[in-house]
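**Q** I have a structure here, written as C-alpha cells, and I will follow up with some questions on it.
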Amino acid sequence: MKRIFYIDFLRIISMLGVILLHASATKLRMPIDFSWHLVNFLTSFATCSVPIFFMISGSLLLNSDSTANINILWKKRLPKLLIPFFIWSIINIIGYSFILKINNLKLLLISILQIPGRPGEISLWFMYPFIIIYVFSPVLLLITQNKSLLKYVLFIWLIFVIILPTFNNILPFPLKLIFSTSQDWKIIGGYAGYFLLGYYLSKIDTQKISYKRLLIVFLSIIFVIALGTYFFTLKNRGAYDESFKLYTSLFVCILASTFFLLCQKAQEKYPIKLIKIFEFIVPSCYGVYLIHNLLILFFNRNIPYFIENKGTRP
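All residue numbers for the sequence shown refer to UniProt numbering, where the first residue is 1 and numbers rise by one.
Dropping the structure here:
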C-alpha cells in the first residue's frame with residue numbers, strides 16, 4: 001500500500017495524543033490549579049486521537065480494493081493486528097502484576113484467559129471495537145460504493161450517535177430528556193461511523209476549502225472543549241467532567257474532522273526530512289500504543305524514588 005504522508009503524520013500525532021491522555025488522567029482528577037488548566041487545554045486537543053485512529057483506518061482500508069478480499073483480511077490483516085495485541089496484552093498483565101506486586105497466579109491466569117473478551121490493560125479497550133470493525137470492513141466497503149447510501153449512513157450516525165447524545169449530556173434536566181437516545185445506537189455504530197467518516201473526508205477536494213477557516217474552527221473547538229470541561233467540572237463540585245471530551249461528542253467529532261482535513265490540505269508543504277523521519281517512526285506506533293500505559297505506570301511508581309535518591313549510588 002502506497003504511503004500517504006498526512007496519514008503517517010496523523011498516526012504519530014494520535015499516538016502521542018493517546019499517551020498524553022493516559023499520562024494526564026490523574027492530574028485532571030486533582031484540584032483545579034494552573035497546571036490543571038494547562039493539562040486540560042492539551043487534552044482538549046488530544047481527545048480527538050482515538051477517533052482519528054478509526055478515521056485513518058477507514059481512509060486506508062475503504063480506499064483499497066483488496067478490502068473486499070476476505071482471504072487477505074483473515075490471513076494477512078487480522079493476524080498483523082491480533083498477534084501483537086494478544087502478546088502485548090499478556091506482557092501488560094504480567095508487567096502490572098510485577099509492578100503492583102500482585103502475587104496471585106490464579107488471578108494472573110484468569111486475566112490472560114479473559115483477553116478475548118476483556119482488555120488485559122484498561123487502555124487497550126479501544127482495540128475491541130477496532131478489531132470488530134476490521135472484521136466487518138468488507139461490508140463497510142459495500143456502503144462506500146454507493147455515495148447516496150454512504151451519506152445516508154453518515155447522516156444517521158451524526159444525528160443519533162453524535163448530535164443528540166451530545167445535547168443530552170450538556171443540557172440541564174429536564175430539557176436533556178428531549179435528546180435522549182438508546183445506547184444501542186452507540187454500541188452498534190459509534191466507532192464504525194468514524195471509520196466511514198475517514199473514508200468520506202479522504203475523498204474531499206481540500207483545494208476548495210479555506211485553510212484559514214479550517215484552522216479557526218479547529219482552534220475554536222479546542223477552546224470550547226477546554227472551557228466547557230472547566231465549567232462543567234466546577235458545576236460538578238470539582239469532580240472532573242468529561243462531557244465535552246467524550247469521543248462521540250459533537251465537539252470531538254468536529255475537532256477530529258477539521259484536524260484530519262488540515263493535515264490532508266497541508267500534505268504538500270511538509271519538508272522532505274520530516275517525511276523521512278515520520279516514515280521511520282510510523283511502523284513503531286502500534287507497538288508503542290500497546291505498551292505505553294505499562295511504561296507510564298512504571299515511571300509513575302519509580303520516578304519519585306529516583307528523585308528522592310538522586311546523587312546517590314547503590
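C-beta atoms are modelled at their ideal positions from N, C-alpha and C, and glycine is treated no differently.
The structure presented is a predicted model; accordingly, all values stated were derived computationally and were not measured.
Could you check which residue in 215, 278, 271 has the C-alpha nearest to that of residue 258?
**A** The residue given as residue 258 occupies position 258 in the sequence shown. Closest by alpha carbon: 215.
**Q** Short of 8 angstroms in beta carbon distance, which residues of its chain neighbour residue 296, apart from the five on each side in sequence? Order them along the chain.
**A** Sequence index remark: in the sequence shown, residue 296 carries index 296 (1-based). Hits under 8 angstroms: 19, 22, 23.
**Q** Which residues bound the alpha helix (DSSP H) around residue 3?
**A** Stepping through the sequence shown from its first residue, residue 3 is reached at position 3. Neither: residue 3 is in no alpha helix (DSSP H) and is coded neither H nor E.
**Q** Shortest alpha-carbon distance to residue 29 belongs to which of 290, 230, 106?
**A** Taking the first residue of the sequence shown as position 1, residue 29 is located at position 29. Checking every option, the nearest Cα to that of residue 29 belongs to 230.
**Q** May I ask which residues mark the beginning and end of the alpha helix (DSSP H) holding residue 233?
**A** By one-based count along the sequence shown, residue 233 stands at place 233. Segment 211-235, the alpha helix (DSSP H) holding residue 233.
**Q** At the level of alpha carbons, what is the spacing between residue 68 and residue 234?
**A** Here residue 68 is taken as the residue at index 68 of the sequence shown, counted from 1. Here residue 234 is taken as the residue at index 234 of the sequence shown, counted from 1. Straight-line Cα distance between these residues: approximately 50 angstroms.
**Q** Buried or exposed: residue 71, going by 16 or more other Cβ atoms within 10 Å of its Cβ?
**A** By one-based count along the sequence shown, residue 71 stands at place 71. So residue 71 ends up on the exposed side.
**Q** Ignoring anything shorter than 4 residues, give me the alpha helix (DSSP H) runs that lie fully in the segment 6-52, in order along the chain.
**A** Fully enclosed alpha helix (DSSP H) runs of 4 or longer: 34-46.
**Q** Residue 79 lies in the alpha helix (DSSP H); which residues open and close that run?
**A** As a first step, residue 79 must be located in the sequence shown, where it is residue number 79. Where residue 79 is concerned, the enclosing alpha helix (DSSP H) stretches over 78-99.
**Q** Taking the alpha-carbon of residue 246 as reference, which of 26, 161, 144 has the nearest alpha-carbon?
**A** For this step, residue 246 is matched to residue 246 along the sequence shown. Per the Cα distances, 161.
**Q** Could you check which residue in 64, 254, 100, 12 has the C-alpha nearest to that of residue 142?
**A** Here residue 142 is taken as the residue at index 142 of the sequence shown, counted from 1. Among 64, 254, 100, 12, the Cα nearest to that of residue 142 is on 64.
**Q** Which one of 242, 124, 55 has the shortest CA to CA distance from residue 195?
**A** Numbered from its first residue, the sequence shown carries residue 195 at position 195. Checking every option, the nearest Cα to that of residue 195 belongs to 55.
**Q** Take residue 192 and list the residues in its own chain whose beta-carbon comes closer than 7 angstroms to its own, dropping the five residues that flank it on each side.
**A** Here residue 192 corresponds to residue number 192 of the sequence shown, with the count starting at 1. Excluding sequence neighbours, residue 192 sits near 133, 140.
**Q** Where does residue 205 land, buried or exposed, given buried means 16+ other C-beta within 10 angstroms?
**A** Counting from one through the sequence shown, the residue named residue 205 turns up at place 205. Classification for residue 205: exposed.
**Q** Based on Cα-Cα distance, which residue from 227, 104, 269 lies nearest to residue 38?
**A** One-based indexing of the sequence shown puts residue 38 at position 38. Per the Cα distances, 227.
**Q** Please report the distance separating the alpha-carbon of residue 11 from that of residue 59.
**A** Here residue 11 refers to the residue found at position 11 of the sequence shown. Here residue 59 refers to the residue found at position 59 of the sequence shown. One C-alpha to the other measures close to 12 angstroms.
**Q** Who are the near neighbours of residue 94 in its chain, counting only those whose CB is closer than 8 angstroms to its CB and skipping five residues on each side?
**A** Against the sequence shown, residue 94 aligns to sequence position 94. Excluding sequence neighbours, residue 94 sits near 108.
**Q** Have a look at residue 267 and residue 5 and give me their C-alpha separation to the nearest angstrom.
**A** Stepping through the sequence shown from its first residue, residue 267 is reached at position 267. Stepping through the sequence shown from its first residue, residue 5 is reached at position 5. Near 7 angstroms, if we compare the C-alpha coordinates of residue 5 and residue 267.
**Q** Going by other Cβ atoms of all chains shown within 10 Å of its Cβ, with 16 needed for buried, is residue 345 buried or exposed?
**A** Lying before the first or after the last residue shown, residue 345 is absent from the chain, which here runs from 1 to 314.
**Q** Distance check for residue 40 and residue 148, CA to CA, integer angstroms please.
**A** Taking the first residue of the sequence shown as 1, we reach residue 148 at position 148. Taking the first residue of the sequence shown as 1, we reach residue 40 at position 40. Answer to the nearest angstrom: the Cα atoms are 39 angstroms apart.
**Q** Can you tell which of 211, 163, 7, 152 has its C-alpha closest to the C-alpha of residue 244?
**A** Residue 244 sits at position 244 when you count from the first residue of the sequence shown. Closest option to residue 244, Cα to Cα, is 163.
**Q** I need the straight-line Cα distance from residue 102 to residue 8, nearest angstrom please.
**A** Indexing the sequence shown from 1 puts residue 102 at position 102. Indexing the sequence shown from 1 puts residue 8 at position 8. In a straight line, the C-alpha of residue 102 is about 39 angstroms away from that of residue 8.
**Q** By DSSP, does residue 240 sit in helix, in strand, or in coil?
**A** As a position in the sequence shown, residue 240 is number 240, starting the count at 1. Reduced to three states, the DSSP call for residue 240 is coil.
**Q** Quick one: what's got a C-beta closer than 8 angstroms to residue 331's C-beta in the same chain, skipping five residues either side?
**A** Any answer about residue 331 is impossible in this case: the structure gives the chain only from 1 up to 314.
**Q** Taking C-beta to C-beta, are residue 128 and residue 294 nearer than 8 angstroms?
**A** In the sequence shown, the residue the question calls residue 128 occupies position 128. In the sequence shown, the residue the question calls residue 294 occupies position 294. Contact flag unset, no.
**Q** Determine the DSSP secondary structure at residue 296, reduced to helix, strand or coil.
**A** Here residue 296 refers to the residue found at position 296 of the sequence shown. It is helical.
**Q** Could you give the first and the last residue of the continuous alpha helix (DSSP H) run that contains residue 169?
**A** Indexing the sequence shown from 1 puts residue 169 at position 169. Taken as a continuous stretch (DSSP letters only), the alpha helix (DSSP H) holding residue 169 covers 164-170.
**Q** On the three-pair Cβ rule with 8 angstroms, is the segment 153-160 touching the segment 73-92?
**A** With a cut-off of 8 angstroms, the segment 73-92 and the segment 153-160 do not count as touching, because too few Cβ pairs lie within range.
**Q** Which residues bound the alpha helix (DSSP H) around residue 259?
**A** Here residue 259 refers to the residue found at position 259 when the sequence shown is read from its first residue. Unbroken alpha helix (DSSP H) run through residue 259: 250-265.
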